[in-house]
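> Under this note's numbering, the first residue of the sequence shown is numbered 2, with each subsequent residue one higher. Can you keep this structure in mind? I'll have questions shortly.
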Amino acid sequence: MKHRVIVTIAGRDYTLIAAEDDGYVQRVAAYVDGQMTDLISATRVSITDSAVLSAVNIADSLFKEQEASENLRRQLKEALEETTKVTMELSDAKREIFKLQNRKEKKD
Numbered sequence: 002m003k004h005r006v007i008v009t010i011a012g013r014d015y016t017l018i019a020a021e022d023d024g025y026v027q028r029v030a031a032y033v034d035g036q037m038t039d040l041i042s043a044t045r046v047s048i049t050d051s052a053v054l055s056a057v058n059i060a061d062s063l064f065k066e067q068e069a070s071e072n073l074r075r076q077l078k079e080a081l082e083e084t085t086k087v088t089m090e091l092s093d094a095k096r097e098i099f100k101l102q103n104r105k106e107k108k109d
């Protein structure tokens, strides 16, 4: 259920409508506030420019994290495929051992 959450970003209060819990929304707002505050104090840019630059920096971080996540998914998929291959080879080897043991027992 959506509800209203009041957050403060760059010294201004904003009312956000969110489905997430208040704590999560406050953490997101605090992150954005931190990004903007750092830019404003380091570069003396306006709030508007700080918002745009923060959005670009956050989008950059998002894209890099998505790429890293995709790389991990690919590595996991490759590891699972290798595990499946080795498991099948092990199963084949066990069947072969069983066959050889049965032949030996029949000879004895």
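Note that the Cβ used here is the ideal one computed from N, Cα and C, for glycine as well.
1. Assign I1 to one of two classes, buried (16 or more other C-beta atoms within 10 Å of its C-beta) or exposed (fewer than that).
2. With DSSP run on the structure shown, which of helix, strand or coil describes V6?
3. How long is the line joining the alpha carbons of A80 and F64, rounded to whole angstroms?
4. Determine the DSSP secondary structure at A11, reduced to helix, strand or coil.
5. Between the alpha carbons of D50 and E90, how many angstroms are there, rounded?
6. Please report how far the alpha carbon of I48 lies from the alpha carbon of S70, in whole angstroms.
In terms of the structure at hand:
1. An answer regarding residue 1 cannot be provided, because it is not within the stretch 2 to 109 covered by the chain.
2. The answer is strand: DSSP assigns V6 an E or B state.
3. 24 Å
4. The answer is coil: DSSP assigns A11 none of H, G, I, E or B.
5. 60 Å
6. 32 Å
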